[in-house]
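Using this note's numbering, read the sequence shown as starting at 3 and increasing by one per residue.
One structure below.
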Amino acid sequence: MSSQQAQALVGRTLAGRYRVERVLGMGGMGIVAEVTHLQLGCRFALKTLRDGGDLDAEAMERFRREARTTARLGHPHIVEVTDFDTTEEGEPFVVMELLVGETLGWRLASGPILDVAAAVAIGVQVAMALGAAHASGVVHRDLKPDNVFLCAKGPWPDFVKVLDFGMSKIRDAASLRTRSAVVLGTPRYMSPEQAMARSADCDQRADVFS
């Protein structure tokens, strides 16, 4: 989907209850938009799959997996998933809490170098999120600065929310395992076993490496 097509979503109502207010971004798998729940009057972030070549059975299953995985983790430092449904055209979408702030990737690219205290605080919160995920048997597999969101409000100066468990694998769930011959992740941050397309070998250590 092009940027122009993404902007065409603005003003549409999805699944009869989510009105699209604006497009927030376009990622590797989907489009993220700010929406209003028409019955509740609350704002959320809604993520839908790109169409075209990416909209195949594997992409659909990975998207559903992200919604289920993130929803069941339920941790303060992991973005909260509130709903999952499909559009009238049959495209799946997931609804999450709307975050205010910026990604760590944006902070590193646009601002001064992080001081030691800020870096440690962010690292501790990321570790807490991953610790909870790993305790539930979930490996993120695509941890990078763009998937670490720094919220403007919270008990920490930069309250961390870890995003995008779309690459995650639930250990010991054979029906959801990523095919071992496929390389998934971000080259700059992926572990050696991911780079070698040994997805079946990935465990918590892949996240620690990232």
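By construction, the Cβ of each residue, glycine as well, lies at the ideal position given by its N, Cα and C atoms.
Note that the structure is a prediction, hence the values are computed from the model and not measured.
Item, Value
"Are the CB atoms of A35 and L101 within a distance shorter than 8 Å?", "no"
"Is it buried or exposed for K2, if we count other Cβ within 10 angstroms and need 16 for buried?", "Limits of the chain in this structure are 3 at one end and 212 at the other, which puts residue 2 out of reach."
"With distance defined between alpha-carbon atoms, name the residue in T71, A59, Q9 and V22 nearest to G139.", "T71"
"For the region 17 to 74, which segments carrying the beta strand (DSSP E) assignment without a break, of at least 3 residues, lie completely within its bounds, in sequence order?", "20 to 28, 32 to 39 and 45 to 51"
"Could you check the C-alpha separation between G92 and T105 for me, to the nearest Å?", "30 Å"
"Helix, strand or coil: which one does DSSP assign to G103?", "strand"
"Decide if A69 is buried, meaning its Cβ has at least 16 other Cβ atoms within 10 Å, or exposed.", "buried"
"Going by DSSP in three states, V1 sits in which element: helix, strand or coil?", "Missing from the structure shown is residue 1; the chain here goes from 3 to 212 and no further."
"Can you give the Cα-Cα distance for C153 and V126, rounded to whole angstroms?", "15 Å"
"Under 8 Å by Cβ, that's how I've got E99 and V81 pegged, so tell me the actual separation to the nearest angstrom.", "6 Å"
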